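Undergrad:
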Amino acid sequence: MNAPLSVTRRGLLQSAGFLAVSFALPPHFGFAAEEAGLPGDLKANPMLSSWLRINADQRVTLLIGKVELGQGAVTALTQIAADELGVNIERFDVISGDTFQSPDQGTTAGSQSMPNGGPALQQAAAEAREVLYGLAAAKLGQPVEGMKIDDGVITAANGQTATYWELITGKELEVEATGKAVRRPISEYKYIGKSIPRFDFPAKMTGQPIFVQDMQPEGLLFGLVVRPPTYQSTLAEVDLGPIEAMPGVVKAVRDGSFLGVVAEREEQALAAADALGKAAKWNVESVLPGNDGIFDWLLQAPIAKDIEIKNDVRQGGGEVAKTIEAEYHRPYHMHASIGPSTAIAQLGDDGVMTIHTHSQSVFETSEAIAEMLGVEPSKVHCIHTQGSGCYGHNMADDAAADAALLARAVPGKPVKLQYTRAQEHQWEPYGSAMVIRTKAGVDAEGNVLDWDLQIWSTPHGTRPGGKAGNLLSAKYLEKPFEQPTPGNGGAPNYSADRNGIAYYEFPGHKVMTHFITEMPLRVSSTRGLGAYGNVFAIESFIDELAHAAGADPVEYRLRFLKDPRARDVLTACAAKFGWDSYQKQNNRGRGIAFARYKNYAALTAVAFEVEVSRRNGRIRVTKAAAANDSGHMVSPDGVHNQIEGGIIQSMSWTLKEEVKFDNTAVLSRDWTSYPIITFSEIPMIEMELIDRPGETYLGSGESAQGPTSAALANAVFDATGVRLRRVPFTPERVKAELDKA
Amino acid sequence: MLNFKLNGADVSVDVPTDSPLLFVLNNDLKTHGAKFGCGLSQCGACTVLIDGEPVRSCQTPVQAVVGRSVTTLSGLMEEGKPSPLQQAFIDEQAAQCGYCTSGMIMMAQALLDRNPTPSEPEIRSALSANLCRCGSHNRVVRAVLRVSQAA
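First to last, the protein sequences are chains A and B. Here my numbering = 1-based position in the first sequence + 4. Here my numbering = 1-based position in the second sequence + 805.
1) Measure the C-alpha to C-alpha separation of A899 (chain B) and N935 (chain B) and round it to an integer number of angstroms.
2) Under the rule that 16 or more other beta-carbon atoms within 10 Å means buried, what is A500 (chain A), buried or exposed?
3) Using only the alpha-carbon positions, how far apart do A305 (chain A) and F519 (chain A) sit?
4) Short of 6 Å in beta carbon distance, which residues of its chain neighbour G41 (chain A), apart from the five on each side in sequence? Order them along the chain.
5) In chain order, what residues of the same chain lie with their CB nearer than 6 Å to the CB of V945 (chain B), ignoring the 5 residues before and after it?
6) Can you round the beta-carbon distance between T361 (chain A) and A400 (chain A) to whole angstroms, since I take them to be within the 8 Å contact cut?
7) Can you tell which of B:C939, B:T906, B:A956 and B:E925 has its C-alpha closest to the C-alpha of S879 (chain B)?
8) Three-state secondary structure (DSSP) at L917 (chain B)?
9) How many Å lie between V253 (chain A) and S365 (chain A) at the Cα?
10) Below 9 Å on C-beta distance, what does G245 (chain A) contact in chain B?
11) What does a CB cutoff of less than 6 Å around F203 (chain A) pick up in its chain, not counting 5 residues either side in sequence?
12) Using a Cβ-Cβ cutoff of less than 7 Å, which residues in the same chain neighbour R334 (chain A) once the five nearest sequence positions on both sides are dropped?
13) Can you tell me whether D815 (chain B) is buried or exposed? The criterion is at least 16 other CB atoms within 10 Å of its CB, across all chains shown.
14) Once DSSP output is grouped into helix, strand and coil, what is the label at S461 (chain A)?
15) Are T112 (chain A) and K70 (chain A) close, meaning C-beta to C-beta below 8 Å?
16) Show which residues of chain A have a CB atom less than 9 Å away from the CB atom of V946 (chain B).
17) Does the Cβ of Q587 (chain A) have 16 or more other Cβ atoms within 10 Å, making it buried, or fewer, making it exposed?
18) Applying the criterion that 16 or more other CB atoms from any shown protein chain within 10 Å of the CB defines a buried residue, is Q319 (chain A) buried or exposed?
19) When the Cα of D296 (chain A) is compared with those of A:V663, A:L716, A:A276 and A:Q422, which residue comes out closest?
20) In chain B, which residues lie with their C-beta within 9 Å of the C-beta of Q217 (chain A)?
21) Helix, strand or coil, according to DSSP, for Y137 (chain A) in the structure here?
22) Using a beta-carbon distance cut-off of less than 8 Å, what residues from the stretch 297–320 of chain A approach chain B?
23) Can you tell me whether R594 (chain A) is buried or exposed? The criterion is at least 16 other CB atoms within 10 Å of its CB, across all chains shown.
24) Quick one: using the 10 Å Cβ neighbour count with 16 as the cut-off for buried, is M912 (chain B) buried or exposed?
25) Suppose only complete runs of 4+ residues qualify. What are the alpha helix (DSSP H) ranges in the stretch 52–88 of chain A, listed by chain order?
26) Looking at G940 (chain B) and I651 (chain A), is the spacing between their C-beta atoms short of 8 Å?
27) Could you tell me which chain A residues have their CB closer than 7 Å to the CB of A900 (chain B), listed as they occur along the chain?
28) By the three-class DSSP mapping on this structure, what secondary structure does C386 (chain A) have?
29) Is the stretch 412–429 of chain A in contact with the stretch 284–296 of chain A, if contact means three or more CB pairs nearer than 8 Å?
30) Is the Cβ-Cβ distance between A628 (chain A) and F612 (chain A) less than 8 Å?
31) For D918 (chain B), collect the residues of the same chain with a Cβ closer than 7 Å to its Cβ; drop the 5 residues on either side in sequence, then sort them by chain order.
32) Can you find a CB in chain A that lies within less than 8 Å of the CB of M806 (chain B)?
33) Counting only Cβ-Cβ distances shorter than 7 Å, please list the residues of the stretch 627–650 of chain A near chain B, keeping chain order.
34) Between I928 (chain B) and the rest of its own chain, which residues show a CB-CB distance below 6 Å, the 5 nearest in sequence each way excluded?
35) Keeping to the same chain, check which residues put their C-beta closer than 7 Å to that of A28 (chain A); ignore five residues upstream and five downstream.
36) Is any beta-carbon of chain C found at less than 8 Å from that of N943 (chain B)?
This is the structure:
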């Protein structure tokens, strides 16, 4: 950890034991990938050597563009590679998210590491194994047919053996994937389907260095930025002289309205930043709608685009007996990482800015930083190093950019920047507030004939994407970068309208997104994007319809839920909860909700019992159950951890969280002004995981949050008769609703 | 020079006396357990033990520990191996990102030191001022219960 930060590509290749022996390129070089129909990430990076290195020291280096965000993706991906390559997992070393070494797998987000990253890596490993079988066949004079692999040792049908370690002498894996290699049968897997302990936990649980925050390169300096008082402020004047005279201060930096300090000690940097903040005079504008005004603002804001994402007009059918309508609100939510975002940057003699960052998107963030610094993309080297959990696009990328801006001012010196708690809380890009209106025409039995859902939302994606304008500080520089107008992602993943289409089959079904590109508060991808708000609305509304029909909420859903896997998950959750034998007590009630994330990914149902205090409006969750289908589970415990964590995080969002702001600035600046859930508020959660061997691996990190919100609202309704349509369900708000009822 | 015990060994540091203990532990003494989370004693990520008591090191000036004994996460290890509580966290896979984990383990160790067999409600209550964002709470509770039940 004390090695100099700046590492050259050549040095890394040598140190990895890479054997530079020439090898004739196969004739199909350059064409195979396009023809082969390869899994997404492999199509973009078809060279096998960009994924795997077989080393003479009997170890395998796995190169992956996906990164560890605290969800276990690196361990799970290694399980897949180990099984498909046929090498024991202990032999693997992983390099992930190094822009000079790893394959560009885009952003680690959207629950895509397993469904996209998994098959790509698995196919690369299968192709590599076939190359190795071919080499063994040539060496042994035996046919490939009948060869077996065990921990890098190939045994031919006649019993002769050859090892991976002796077969690879050079660039044999510098060939493109053909797409023709066949995966090993599931019966031969040693790791896929087993709960392999996370590689990173022993270090994290015994205090060994593993986080970017733990890095201590020689001569490390500490940097901090000073943010304006509000989004719209510009710097009027500041005198840097007195700041640079403070103890330990190495440099005070001003670039337009961007301010920062670099000091020898961390507390000196904090003191200098504090003094600099007080010394700066700003021009401030008051232009925000405030957290109570945001829903009216959304309904009145200029709409950049009306997007009809579904319009199935009902053909025939009966008369509409009744029309039922509702409107649901979700506030801005924070990622609220426990560790404020951090990066360490160093400008090397070779002009390369090396940045250790916990960004989800090292490749595109690296490009954006290069644009901001006005240098060639090859002059910025981002290396992913673990940080605090991020839950989407938090300030990791901004920290990388800010560390680079400060490191540029002190060439040769490594600079560590970790935001203050208030900076992380007030400046991160939040999950957008949303308004969702639902309307249903039902027949005499209360069955849905026509379903109509409309969404009002600001963007859910302002990731760096290679553009400096998406980096927070770039907007405040002397030569400012303008933020590109964000788009709304379309099918199949969607964005504001993710899960906006209910996963039920209704005779008429219409969904419209009113996409607003103006952003009163800074926003970007937060776990689930629009799915959290949309599933809250859909699963609350279907509960309202079930109640209006006098039907059991589980039975009512099953009338319209046709996907057998979805029905299995819903009924498994109900069974786990004890739905059919439930005995209702006074002030207690039960609620259930279901969603299939993105309508094609993991399926989750969640059920709660809550107790509501009529005296103070406080909701206590007394019982919780869930069922999930994440396809073929690579790591059952990993899936369990994601679903359990997703439920708890969404309980926090739903019961407690709302970013508060007035007409000028964000007021949520610490854990008191933005409280999150604590141990005493959480019950144990009963869980049923349905394994589907041979089905696609489905990421599970964002599957439970939507259902959790509606299941809570539905339980509160069952307990009290009060329908909560605005998140969060704070005691104050619940009490007000109880008093009205 | 300020002198105190760190994980059983005598240490001396030449730093400003009002430097936060957290920064001295991490930046001067190169330990890697306690984490900066808020600097406000609100989240517990920086929790260490001072003479066995859990303390938020972000708001403790280093001079407050002169002559006393400070324990960080690595200091809980026994003969180079994870302690029973650390092993229980590993066995229960009691984390996601693991950033709050150091503070959780230190807080739980302090609980176990005064009550070797805490119940689930006692564990939840003792850890309630330690924040976790990933939703690993129940795993943490199960890890501490595992030690409690083994006692």
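Virtual Cβ for every residue (Gly too), placed ideally from N, Cα, C. Here the structure is a predicted model, which is why all the values come from computation and not from measurement.
TA: Taking the coordinates as given:
1) 14 Å
2) buried
3) 10 Å
4) G183
5) A899 and M909
6) 6 Å
7) B:T906
8) helix
9) 32 Å
10) Correct list: empty, because the minimum Cβ distance to chain B is about 23 Å.
11) T79
12) A437, M438, Y536, G537, F540 and V731
13) exposed
14) strand
15) yes
16) F683, I686 and M688
17) exposed
18) exposed
19) A:V663
20) N831, H837, K840, F841 and Y904
21) helix
22) none
23) buried
24) buried
25) none
26) yes
27) F205 and K208
28) strand
29) no
30) yes
31) G857
32) no
33) D641, N645, E648, G649 and G650
34) V946 and V949
35) Note that A28 (chain A) scores a pLDDT of 31, beneath 50, so its modelled location is shaky; the value from the coordinates is reported in the next line. For A28 (chain A), where only same-chain residues beyond five positions count, there are no Cβ hits under 7 Å.
36) The chain inventory of the structure shown lacks chain C, comprising the protein chains A and B.
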